[in-house]
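Let me begin by presenting the structure, written as structure tokens, before commenting on it.
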Amino acid sequence: MTNRWSLLFVLAVLSPVVGIFFGAADLPASELYRCVVGQCSTEVNALIFWEIRLPRVLVGFLVGAGLAVAGATLQNITRNGLADPYLFGVVSGAGLGASIATLLFDSQIGETLTIFGMLPDVPFSIALPVAAFLGAIFAVTLVQALAATSFGGRGEHMLLAGVAVSFMLSALSHFLLFLGDPFAANKVIFWLMGSLARTEMWYAWIMLPVVMGSVVLLLLFGRRLDALLLGDENAKTLGINVTALRLMALGICAALTACIVAYCGGIGFVGLLIPHIVRRWVGVTSRALILGCVLIGGSFMVLVDIVARSALSDQEIPIGIITSAIGSVFFLLAIRQRQA
Amino acid sequence: MPNSANLQAKQLSYQIAHKSILSDINLSLERGKVLGVLGPNGAGKTSLLKMLSGQTASKEQVDWRGKSLEEYSPLERARQIAVVNQLNESVFALSLQQIVRMGWLPHKTLLSRETEQDHQHLAASIAKVGLSEKTHQTFSSLSGGEQQRGLIARALVQKAALIVLDEPVNHLDIYYQHQVLKLLRSLAHQQQMTVVMSLHDINLASSYCDHLCLLNDGKMIAQGPVESVLKATTLEHVFKIPCRIRRDEVTQNLRVDFYPSNEQEYPPQPEVTQQSNVHSSEASNKVHKKVSSKKGNSI
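Keeping their order, the protein sequence lines are chains A and B. Counting in the UniProt record's numbering, the first sequence runs from 1 upward without gaps. Counting in the UniProt record's numbering, the second sequence runs from 1 upward without gaps.
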């Protein structure tokens, strides 16, 4: 087991290095080293290193780690291997927020958002993630409220409430896009595909405390989260307040996913795929699973981003397309393996 | 009721949607004793166990060690009372050790670490139930009896003084039925743990329990030492099947033989094997007239 953890740590260190190394512009290893110590040979290289590649690799790692941790936690608290952050309405809520922001965006005025003159002009690049974040939080609050009041916080009911809310909000945002400007609709659809292309360093500064805080909290509650694997009745007999614990874990996963989706759009399947891989490597208990998800999820996203950047010579592929493609193939393989 | 009782239920009643599940149940059990809860399906056995272990909303009618269960926080209660329920098939493959170590949960805060002593106690508990060699095996790959013993090991790790088990020998073959019940009896008699369990097999209950309580339609029909509860009249009334009670020649435990239908032959009550406090019923005497005395058929 120690060897496996060592391998995971090596992977988590190496993948960002590889991520920084790869790209359209050629940055040799010696130049990378000079940039790290603050002595880039040209200003362009400094710009590529500090403003483009480093933020992208950092944000990519945080996005992968965060989505994988949220997926693993949701799968454990619902005892359902198919649970995924997106099943809880986070993406459809974020999509609705983004749709509303895009429709309110007034192209006559320029790159600013005016809400019927009530608020000062807000740059669209900020309005979109903020609206998406609010939409995601709204969706999860709705799911939590439904789960807590109507279904008594049971895992499987929480999942069903999430699916229902997800469809409802998707229908609403599709209706808004149908009524609105086709150009705005294109923007939202592209955003929903998920991408790290617009990444800036400050994204990382926002995501870092959210991801780290969530991971620390989930690790602290790890032993109690494990008890949920035994079923609600059994967990209660061990002194666990099952409903409160599950709602707290869902709240953490919601904040984590909403923050990621708001900045990077809908990157699907990572939360579903990575926890299954990690379980095979380090086991099913929450603490090991969460740490494994940070290491493998982060590395996976950085490596997939390299493919997204370099697969086509003249443009980037939205990363959500690649993760979904890999995820679906993996899923079919996993089902086949289980049947064998 | 004696004051030395560890577990006491006072006029226990329980309703679900205006339907009475349990009514006016009184019982008490001393430390180091095994109580078997008997009764037909729907008699209220599981509800009684849930109430005795504090799993239902109303806890004020049950006292554990002189204090109402209501006064215990969920964590304090879990340190005192271990519940062994059937585990649902888990989607994720936990090992035996991972399940047993969950017994630590009531004793650990969010920041507490696992000590060397904890690990020794964990290994000793698994050894006590005879599963040391299977410590790292996936729980779902263990046999029914091993799983049940694994859950008992978790109760030992939980350091609980009362173990409550709902039909612990369900689905087990005869060998494991005896293994599990022998283990529970030794925990009670040697380590002074108190054991409460529901059972369907009256003969197993007679062999391994110190006290029995017999429920029917949510009411307590009889309770006390085995010999005072196992009476043919009472059992026939509760289970609606004629029966005969005898003493096993080898073990000296009471045995109940049921004779389920009128077509079955039903031997007369053999006087030699009956104790003075074991009665046959009028109902069985009526059946005697119909059947021959050559063959018996028990279930």
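Ideal placement from N, C-alpha and C gives every residue a C-beta, glycine not left out.
Residue span of the alpha helix (DSSP H) that contains residue i, given as start and end
i                      : result
residue 270 of chain A : 270-282
residue 226 of chain A : 222-228
residue 307 of chain A : 286-310
residue 50 of chain A  : Where residue 50 of chain A is concerned, there is no enclosing alpha helix (DSSP H), given that its DSSP letter is neither H nor E.
residue 5 of chain A   : 2-21
residue 180 of chain B : 174-191
residue 263 of chain A : 242-264
residue 124 of chain B : 116-128
residue 232 of chain A : 232-237
residue 146 of chain B : 144-157
residue 57 of chain B  : Element bounds for residue 57 of chain B: n/a, residue is neither H nor E.
residue 192 of chain A : 182-193
Inter-residue spacing [alpha-carbon to alpha-carbon] between residue i and residue j
i                      : j                      : result
residue 8 of chain A   : residue 168 of chain A : 40 angstroms
residue 162 of chain A : residue 185 of chain A : 24 angstroms
residue 230 of chain A : residue 178 of chain A : 46 angstroms
residue 152 of chain B : residue 247 of chain A : 30 angstroms
residue 212 of chain B : residue 34 of chain B  : 8 angstroms
residue 38 of chain B  : residue 200 of chain B : 6 angstroms
residue 197 of chain A : residue 296 of chain A : 21 angstroms
residue 364 of chain A : residue 13 of chain B  : Past the edges of chain A, shown from 1 to 340, lies residue 364 of chain A, and the structure says nothing about it.
residue 231 of chain B : residue 235 of chain A : 39 angstroms
residue 92 of chain A  : residue 14 of chain A  : 34 angstroms
residue 192 of chain B : residue 31 of chain B  : 6 angstroms
residue 9 of chain B   : residue 240 of chain B : 28 angstroms
residue 205 of chain B : residue 220 of chain A : 43 angstroms
residue 10 of chain A  : residue 292 of chain A : 12 angstroms
residue 285 of chain A : residue 47 of chain B  : 32 angstroms
residue 88 of chain A  : residue 44 of chain A  : 43 angstroms
residue 146 of chain A : residue 166 of chain A : 13 angstroms
residue 279 of chain A : residue 289 of chain A : 6 angstroms
residue 64 of chain A  : residue 302 of chain A : 8 angstroms
residue 56 of chain A  : residue 327 of chain A : 22 angstroms
residue 116 of chain B : residue 62 of chain B  : 36 angstroms
residue 190 of chain A : residue 17 of chain A  : 28 angstroms
residue 3 of chain B   : residue 208 of chain A : Note on residue 3 of chain B: pLDDT 48, under 50, position unreliable in the model; no value is reported.
residue 148 of chain A : residue 244 of chain A : 9 angstroms
Cross-strand partners of residue i (DSSP beta bridge)
i                      : result
residue 223 of chain B : B:213
residue 9 of chain B   : B:27 and B:62
residue 36 of chain B  : B:197 and B:212
residue 20 of chain B  : B:15
residue 243 of chain B : B:258
residue 162 of chain B : B:81 and B:194
residue 251 of chain B : DSSP lists no partner for residue 251 of chain B.
residue 67 of chain B  : B:64
residue 138 of chain B : B:95
Spatial neighbours of residue i in its chain, beta-carbon cut-off 7 angstroms, leaving aside the 5 residues before and after
i                      : result
residue 99 of chain A  : 173, 176, 177 and 188
residue 106 of chain B : 75, 78, 79 and 158
residue 3 of chain A   : none
residue 90 of chain A  : 136, 139, 140, 254, 257, 258 and 261
residue 146 of chain B : 131 and 134
residue 78 of chain A  : 155, 156, 158 and 159
residue 34 of chain A  : 40 and 41
residue 275 of chain A : 68, 71, 72, 75, 289 and 293
residue 25 of chain A  : 48
First through last residue of the beta strand (DSSP E) which encompasses residue i
i                     : result
residue 26 of chain A : Looking at the DSSP string, residue 26 of chain A is not in any beta strand (DSSP E), and its letter there is neither H nor E.
residue 90 of chain A : Counting along the chain, residue 90 of chain A falls outside any beta strand (DSSP E), though it belongs to the alpha helix (DSSP H) covering 90-104.
Contact set for residue i: own chain, Cβ-Cβ below 6 angstroms, skip 5 residues either direction
i                      : result
residue 137 of chain B : 96
residue 70 of chain A  : 85, 253, 256, 257 and 271
residue 263 of chain A : 129 and 203
residue 25 of chain B  : 9, 12 and 220
residue 58 of chain A  : 204
Spatial neighbours of residue i in its chain, beta-carbon cut-off 8 angstroms, leaving aside the 5 residues before and after
i                      : result
residue 289 of chain B : Here the model assigns residue 289 of chain B a pLDDT of 43, short of 50, so the residue's position is not dependable, and the following value carries that caveat. For residue 289 of chain B, where only same-chain residues beyond five positions count, there are no Cβ hits under 8 angstroms.
Min CB distance residue i to chain D below 7 angstroms
i                      : result
residue 239 of chain B : In the structure shown, chain D cannot be found, because the protein chains are A and B.
Self-check item: Near-chain B residues of the region 226-244 of chain A (beta-carbon distance less than 9 angstroms), N- to C-terminal order
Solution: 226, 227, 229, 230, 231, 233, 234, 235, 236, 237, 238, 239, 240 and 241
Quiz item: Using Cβ-Cβ distances below 8 angstroms, what residues of the region 102-135 of chain B are close to chain A?
Solution: 102, 103, 104, 105, 106, 108, 110 and 111
Practice problem: Could you please tell me which residues of the region 134-152 of chain B, in chain order, have their CB closer than 7 angstroms to any CB of chain A? | Solution: none
Quiz item: Looking at chain A, which residues of the region 63-79 of chain B have a Cβ within less than 9 angstroms of any of its Cβ atoms?
Solution: The region 63-79 of chain B vs chain A, Cβ under 9 angstroms: 73, 74, 75, 76, 77, 78 and 79.
Quiz prompt | Residues from the region 269-288 of chain A in contact with chain B, defined by Cβ distance under 7 angstroms | solution = 279, 284 and 285
Self-check item: Positions along the region 199-230 of chain A whose CB lies within less than 8 angstroms of some CB in chain B
Solution: 220, 221, 223, 224, 226, 227, 229 and 230
Quiz prompt | Residues from the region 183-210 of chain B in contact with chain A, defined by Cβ distance under 8 angstroms | solution = none
Quiz item: Looking at chain A, which residues of the region 34-58 of chain B have a Cβ within less than 8 angstroms of any of its Cβ atoms?
Solution: Flagged, chain order: 53 and 55.
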